[in-house]
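Enquirer: Pasting a structure here, questions to come.
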Amino acid sequence: MRRWLVAAILLAVLLFPLLKVSPYVLHIATLIFIWAFIATAWSYMGRFGLVSLGHGAFIGIGAYTAGLMFNHLALSPWMGMLLGGALAALLALLVGWACFRFGVMGDYFALLTLALGEIVSLLLVAFREQTGGSLGFTLKRVGSSWLYLQFEDKIHFYYVALAFLVGALLLWHWIDRSRMQKALRAIGEDEVAAATLGVTTIRYKLMVTMISAFVAALGGVLYAQYVTYLNPHTLAGVGPSLDIAFKAILGGMFSLWGPTVGTGIIVLLEEYIRVNYGAKYIGLSQIAYGIALVSLIIFLPKGIYGSLEERLKRKKARPQK
Amino acid sequence: MLEVEGIDVFYGEFQALFGLSLEVGEQETVITVGPNGAGKSTLLRAVSGLLPCRNGSVRFLGQPVHNLPAHKIVELGLAHVPEGGRVFPRLTVMENLRIGSYTKKARANVEKNLQEIYELFPRLAERRIQLADTLSGGERQMLAIARSLMSGPKLIMLDEPSSGLAPLVVSMLFDFVGRIKSQGYSILMVEQNVRKALELSDRAYLLESGKVRLQGTREEFSKESYIRQAYLGL
Amino acid sequence: MEILLLNALANGILLGGVLALLAFGLNLIFGVVKVIHMAYGQCVMLGMYLIYSLKSMYEVPLMAAFAVAVVAMALWGALLHLLVIKPLLGAERLNQLLALAGLIIVFENLAHVVWGADLRGVRVDLPVVSMGNIFLKTSNLLAFLGALVVLGILYFMLQRTYVGLAIRAIAQDTECARLMGINPGRIYLLTLTIGGALTGLIAVFFSPIYSVHPHFGGSFTLMAFIIVVLGGMGNLAGGFLGAFIIGVVTSVAAVFTSTEWAEILALVIFILVVLVRPQGLLGARGAR
């Protein structure tokens, strides 16, 4: 995207809260930032053909590690983020290494990650003494504090979440420029060929998987701190895992802005339906969401943003013919 | 019987056949030769409906077939035996043959067809309850051809039937093709083994880079110095 | 303890019978259409809800409700094929997977909206059969026998009829099958209709045993996948074997631990199979 356009959007987004908007609007925006952050992290792997349907595992590990440490040991969530992220990255390393070493790819990789996400969710429920099981637990309130990442107003979190999202987008850029990207793109296109060319496939795949897991875990902590409530079914398990994948793919997981666009559309859509049709029909909004998703996969396999991007590219290419 | 006129065939954006024309007359045996990648297999796949033709037309028994799906073309009497002796691996020999008579027309005569095939191919009769992937390469190729005959075709297209077979088996194979020919079938055969294929043929085409480079009757073809040098080693 | 274990074993085997049906449906669809039907368990759930509605809300006699459910789910399968699977036949595998996963969301929430979150059950009072110290619920026994009968019929259909032959041919080599005059589109539709009818049948067998809720499909879908991968994807005999293994393992595990740990165990088995022997117990080497 044009530099000036990006700068303009960034400026608008930065100045937005100062326009005396309602806390509700800020709340929605913050949610979009947080989930877009996680969706972007998901896409680090997704865009190279490593489709994970179990990112809930990392989100959950991050959130629960930081949350439990905070509640019981008064550990700052910033430390909790690093700890949770490290644990998530470790899990990613173990599972990733096992998969890549045994040549598990494509569908099987996706199914395996699905199982993994579900295992983490079930473990969180099984240890109900410590985690509160299916009902989850709440974070202790400490009022507004930068150290403990809790705020009474909405504005602070808006900016924190935004900062994180920008960070994730910058990280995408950095990955794009690195040697990792070229290697992973080759792997994405033809794994066998890349291997024979001497590209150390396993190393790069592991790297990007661990980064994705780490950042996703950070997102989990961020979300938990924002809503001050943790629940295994909203953070880990099949539901949130698929959710994240959908948000990224809907927007277009191969482009930088795709996951953000996708998240924005989905969150806004859900809110709109919820507000207009009441909580009774929350199921209805999900049905509409599911149908929209399936339809989009059928008709726009590159996602909304991705398809737009392609159209623009094609338009540019034509005059040269 | 078969008239191919000016077809263009693509694999995605890559063009494999350029305005290709060819014909096979009634009870004729026509062979198509050429180097690898010339488009010989592509031609057969386009005719049998596995690949779409972007331009041009294909007519079989006077009827246009270039827009028909493959399963409808078989019903009209046009059979295609793909390359590599492909049979249904986990079906028995007998099941492979029976599925050859899947079309309504053929199904009515399934038992009769089976008997005829067993007479023509006694080896297959012996092995009728064996799973197809336990057969040898030569037997599999026979089965593939026999299976196509089960549909009661008028024209049978063979894609490199001798490829991958031991020399002794190759002789047997061409004997079979000769027998099929003498039973009155029209044959369109793609082959690498030009010498043996030419012996059986009435007419021949040379394909190179998706275009017809040479064509003629058997005599004309064998006299062509280019053919003699490049393909007959003379 | 031994008695508990024996009972768990026996009931595990009975459960295995119905799971074998589930695995068969999934394997058939995967083998023929080459698509992983992620929402298969949810279809069973919808079938159960249908039976519940017919019986409890419209007072339809039970047998009639069963018959209607099977037919309705068969049609549902056909509809799914036409609306979702057929348009995606040429698409990326990932997109197929995700679209069907998206259906999970649609079906579960459909159930939620129409029938609410509470458990819905069909009350069928059947006696308990005892063999020595083993107590078998008649509902489980009937389900087991019913499943075997259905499997027998399906096996016969696949092995002895022309249609069955065509289905097997399409599964083994779609291109060659087309060259035999087989219309793949029709076979796919048929396969999904049969698969749908199977979900209806499973719903029939499950109705006297379980109460249904919107997340009912979830655990069965997961279990179905574990079975299918264990037996080898697309391998019908493998699915049969895998179903009994998983049926017994989960039943026995449930005796010793909570449901969560039993599920975790099953999932770990799944992961190990995917890593170490992805072709499953009966799958051929190199077959994925």
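Which chain is which? The protein sequence lines are L, U and G, in order. The opening position of the first sequence corresponds to residue 1 in this note's numbering, with each subsequent residue numbered one higher. The opening position of the second sequence corresponds to residue 1001 in this note's numbering, with each subsequent residue numbered one higher. The opening position of the third sequence corresponds to residue 2001 in this note's numbering, with each subsequent residue numbered one higher. Using N, Cα and C, we set each Cβ at its ideal position, and we do this for glycine too.
#1: Would U:E1139 pass as an interface residue toward chain G - the criterion being a Cβ-Cβ separation below 8 Å?
#2: How long is the line joining the alpha carbons of G:Q2096 and U:I1180, rounded to whole angstroms?
#3: Compare the C-alpha of G:M2048 against each of G:G2234, G:I2153 and G:R2123 and name the closest.
#4: L:I349 and L:A163 look like a contact to me (Cβ under 8 Å); what is the Cβ gap, rounded to whole Å?
#5: Go ahead and pull the three-state DSSP assignment for L:K321.
#6: Can you tell me whether U:F1060 sits near the ligand SAH, meaning its C-beta is under 7 Å from at least one heavy atom of the ligand?
#7: For a contact defined as C-beta to C-beta under 9 Å, what are the partners of U:N1129 on chain G?
#8: I want to see whether chain U comes within less than 8 Å of G:E2175, judged by CB atoms only; does it?
#9: Measure the beta-carbon distance from U:V1030 to U:R1203 and round it to whole angstroms, keeping in mind my assumption that it falls under 8 Å.
#10: In angstroms, rounded to a whole number, what distance separates the CA positions of U:I1117 and U:R1086?
#11: Sorted by chain position, which residues of the same chain lie with C-beta nearer than 6 Å to L:Q320's C-beta, five sequence neighbours on each side aside?
#12: Nearest-angstrom Cα distance between G:G2012 and G:G2232?
#13: State the DSSP-derived secondary structure class of L:F214, mapped to helix, strand or coil.
#14: Where does U:G1006 fall in DSSP's three states?
#15: With DSSP as the reference, label G:T2191 as helix, strand or coil.
#16: Please report the residue range of the beta strand (DSSP E) in which G:R2178 lies.
#17: Measuring only between beta-carbons, confirm whether U:F1060 sits less than 8 Å from chain G.
#18: Taking just the CA atoms, how far does G:T2199 sit from G:L2154?
#19: For a minimum of 4 consecutive residues, which ranges assigned as the alpha helix (DSSP H) are wholly contained in the stretch 1031-1110 of chain U?
#20: Going by C-alpha distance, which of L:S241, L:L269 and L:L165 is nearest L:I119?
#21: Would you verify that the beta carbon of U:R1054 is, or is not, closer than 8 Å to some beta carbon of chain G?
#22: Which class does G:F2216 belong to by DSSP, given the choice of helix, strand or coil?
#23: Nearest to U:E1199 by CA position, among U:S1151, U:G1210 and U:D1175, is which residue?
#24: For a contact defined as C-beta to C-beta under 9 Å, what are the partners of G:L2126 on chain U?
#25: Which runs of the alpha helix (DSSP H) fall wholly inside the stretch 2043-2097 of chain G and span at least 4 residues, in chain order?
#26: Please state if the CB of U:L1002 and the CB of U:V1033 are separated by a distance shorter than 8 Å.
#27: Does G:Y2162 get closer than 8 Å to chain U when you measure Cβ to Cβ?
#28: CA-CA distance, G:L2162 and G:P2184?
#29: Establish whether the CB of G:G2181 and some CB of chain U are separated by less than 8 Å.
#30: Can you list, in chain order, the residues of its chain whose CB lies under 7 Å from that of G:A1971, leaving out five sequence neighbours each side?
#31: Return the first residue and the last residue of the alpha helix (DSSP H) that L:D354 is part of.
#32: Is the Cβ-Cβ distance between G:A2099 and G:L2088 less than 8 Å?
#33: Please go through the same chain and pick out, in chain order, the residues whose beta-carbon is closer than 8 Å to the beta-carbon of G:S2130, but skip the five residues on each side of it.
#34: I want to verify the contact list: residues of chain G whose CB lies under 9 Å from the CB of U:L1050, in sequence order.
#35: Count the other C-beta atoms from every protein chain shown that fall within 10 angstroms of the C-beta of L:N231, then say buried if there are 16 or more, exposed otherwise.
#36: From the DSSP secondary-structure annotation, give me the bridge partner or partners of U:T1244.
Expert: The short version:
#1: For U:E1139, the answer is no, since every Cβ of chain G falls outside 8 Å of its Cβ.
#2: Whole-angstrom Cα-Cα distance: 45 Å.
#3: It is G:R2123.
#4: Only positions 1 to 321 of chain L appear in this structure, which leaves residue 349 of chain L out of reach.
#5: Annotation note: pLDDT 42 at L:K321 (below 50); position unreliable, coordinate value reported separately. Of the three classes helix, strand and coil, the one that applies to L:K321 here is coil, per DSSP.
#6: Questions concerning the ligand SAH fall outside what the structure shown contains, since it holds no ligand whatsoever.
#7: It should be pointed out that residue 1129 of chain U corresponds to Ile in this sequence rather than to Asn. Neighbours of U:I1129 on chain G: none; closest Cβ ~13 Å, over 9 Å.
#8: Chain U, which has a Cβ nearer than 8 Å to the Cβ of G:E2175, makes this yes.
#9: Contact holds; Cβ gap of about 5 Å.
#10: Roughly 18 Å separates the two Cα atoms.
#11: With a pLDDT of only 48 at L:Q320, under the threshold of 50, the placement of this residue in the model should not be trusted, and no figure is reported.
#12: When rounded, the distance between both Cα atoms is 21 Å.
#13: Secondary structure at L:F214: helix, using DSSP grouped into helix, strand and coil.
#14: The answer is strand: DSSP assigns U:G1006 an E or B state.
#15: In this structure, G:T2191 counts as helix in the three-state DSSP scheme.
#16: Not the beta strand (DSSP E): G:R2178 falls in the alpha helix (DSSP H), residues T2174 to L2179.
#17: Cβ-Cβ to chain G under 8 Å: no for U:F1060.
#18: Approximately 14 Å, taken between the alpha carbons.
#19: Listed in chain order, they are 1040-1048, 1070-1075, 1093-1100 and 1104-1107.
#20: The shortest C-alpha separation from L:I119 is found at L:S241.
#21: Residue contact with chain G for U:R1054: absent (no Cβ-Cβ distance below 8 Å to any residue of chain G).
#22: Helix.
#23: With distances taken between Cα atoms, U:E1199 lies closest to U:D1175.
#24: Identification of chain U residues near G:L2126 by a Cβ-Cβ cut-off of 9 Å yields none; the smallest Cβ-Cβ distance measures about 41 Å.
#25: The DSSP assignment places 2062-2080 as complete runs of the alpha helix (DSSP H) inside the stretch 2043-2097 of chain G, in order along the chain (cut-off: 4 residues).
#26: Taking C-beta atoms as the reference points, U:V1033 and U:L1002 fail to come closer than 8 Å.
#27: Yes, its Cβ sits closer than 8 Å to a Cβ of chain U.
#28: The sequence shown places Tyr at residue 2162 of chain G, rather than the Leu named in the question. A direct Cα-Cα distance of roughly 14 Å separates G:Y2162 from G:P2184.
#29: It does: the Cβ of G:G2181 has a partner Cβ on chain U nearer than 8 Å.
#30: Nothing can be reported for residue 1971 of chain G, as the shown portion of chain G is limited to 2001 through 2288.
#31: This structure cannot settle anything about residue 354 of chain L, because the visible part of chain L is limited to 1 through 321.
#32: Closer than 8 Å, so yes.
#33: Excluding sequence neighbours, G:S2130 sits near L2136.
#34: Within chain G, the residues near U:L1050 are E2175, R2178 and L2179.
#35: L:N231 counts as buried, since no fewer than 16 other beta carbons sit within 10 angstroms of its beta carbon.
#36: Outside the displayed span of chain U (1001 to 1234) sits residue 1244 of chain U, for which this structure offers no information.
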